[in-house]
Amino acid sequence: KAGITAVLQSRCAILAAANPKFGRFDEHKYISEQIDLPPALLSRFDIIFSIIDRPQTDRDRELAEHILKGHKVGEIRRRREAGFAVEEATILEEPFTPHFDPDFFRKYVAYAKRIYPVMTDDAMEIIEKKYLEIRKTGEAAGSSVPITPRQLEAIIRLSEAGARLRLSETVGAEDAERAVRIVEYWMGKVAGEEGRFDIDIIQTGISQSQREQIISIRDIINELAGPEGVADYEDIVRIAQERGIPPAKVDAWLKRWAQEGEIYSPAKNKYKLVERL
26 KAGITAVLQS
36 RCAILAAANP
46 KFGRFDEHKY
56 ISEQIDLPPA
66 LLSRFDIIFS
76 IIDRPQTDRD
86 RELAEHILKG
96 HKVGEIRRRR
106 EAGFAVEEAT
116 ILEEPFTPHF
126 DPDFFRKYVA
136 YAKRIYPVMT
146 DDAMEIIEKK
156 YLEIRKTGEA
166 AGSSVPITPR
176 QLEAIIRLSE
186 AGARLRLSET
196 VGAEDAERAV
206 RIVEYWMGKV
216 AGEEGRFDID
226 IIQTGISQSQ
236 REQIISIRDI
246 INELAGPEGV
256 ADYEDIVRIA
266 QERGIPPAKV
276 DAWLKRWAQE
286 GEIYSPAKNK
296 YKLVERL
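Each residue of the sequence shown is one higher than the one before, counting from 26 in this note's numbering.
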């Protein structure tokens with residue numbers, strides 16, 4: 026206002042939850058394709074977990090029993106509150122009585138927030154070694170970038186959080202190792218491709234292999250383009266297949282580029298790249 030630009034200091038932790046497109050995660054697609062958030066925003070989160078519902082008889086039985094017993098305990102408590110005598114109560118209620126009440130947890134969190142742990146040499150060595158180890162996998166020509174300083178900062182924050190949970194004044198080796206395991210786990214699930222990490226999947230929504238496909242298909246269109254700059258669909262698919270790109274992938278990229286205004290079809294089965302000024 027009045028030409029004044031100010032920065033609002035608003036550092037806070039964010040826990041976000043959302044449903045994927047079509048209600049369930051598809052394990053055969055990148056998570057960035059299934060969450061309707063810009064990659065630039067998605068990459069700001071330190072941890073990203075996809076919760077996948079898989080039928081498992083033993084686990085499903087335990088969950089069903091827990092829910093049913095929970096309902097029964099709730100019914101018993103309501104009967105008691107209404108003044109009715111209830112005989113079977115104590116044994117059933119034990120698993121549903123929290124070890125710590127909400128008031129204790131509020132005090133615990135408030136106290137933990139006032140602790141500012143200092144990184145020990147052991148913790149620093151563990152984090153540095155793992156970071157360099159992961160980075161080294163991306164040194165080969167044409168390899169994807171497996172991890173960036175942003176994930177390094179996430180490991181540091183998680184290590185500090187682990188120390189706070191223990192109400193410790195120092196970040197120990199166990200805190201660093203736990204943080205590394207957490208980050209490696211979620212990156213393997215969310216940003217993993219062919220056994221390697223590719224952080225571009227999160228940061229840009231496109232993996233290294235997809236980027237190579239994009240470059241290859243665009244090169245094919247430019248090679249096939251005549252004086253009018255138009256390439257035939259059948260020729261694009263044929264040459265792409267010769268270069269190891271399945272027709273389904275070609276169709277997917279052509280459709281996506283058409284939606285994004287990167288390409289258009291001046292005639293049926295004819296494609297032309299849009300020139301950028």
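The C-beta atom is built at its ideal place from N, Cα and C for all residues, glycine as well.
Owing to the predicted nature of the structure, the values given are computational and were not obtained by experimental measurement.
- Query: Is Ile76 helix, strand or coil by DSSP?
  - Reply: coil
- Query: Which of helix, strand or coil does DSSP assign to Phe222?
  - Reply: strand
- Task: Could you round the C-beta distance between Leu183 and Asp71 to whole angstroms and report it? I think they count as a contact, below 8 Å.
- Result: 7 Å
- Task: Give the range of the alpha helix (DSSP H) segment to which Tyr258 is assigned.
- Result: Tyr258 to Glu267
- Task: Indicate whether Arg243 and Ser169 have their beta-carbon atoms separated by less than 8 Å.
- Result: no
- With a cut-off of 8 Å, do at least 3 Cβ pairs link the segment 230-249 to the segment 268-278? yes
- If you drop the 5 nearest sequence neighbours on each side, which residues of the same chain put their C-beta closer than 6 Å to that of Ala277? none
- Could you check if Gly187 is buried or exposed, using at least 16 other CB atoms within 10 Å of its CB as the buried criterion? buried
- Message: Run through the DSSP bridge pairs and tell me what Val196 is partnered with.
- Response: Met144
- Message: Strictly by DSSP, which residues pair up with Leu298?
- Response: Ile288
- Item | C-alpha gap between His124 and Val134, whole angstroms | 16 Å
- Query: From Glu194 to Glu178, what distance separates their C-alpha atoms?
  - Reply: 19 Å
- Query: Does the pairing of the segment 135-153 with the segment 195-211 give three or more beta-carbon distances under 8 Å?
  - Reply: yes
- Query: Can you give the beta carbon distance from Ile231 to Ser68, rounded, assuming they're within the 8 Å contact cut?
  - Reply: Going by Cβ atoms, the distance from Ile231 to Ser68 rounds to 12 Å, so no, they are not a contact pair.
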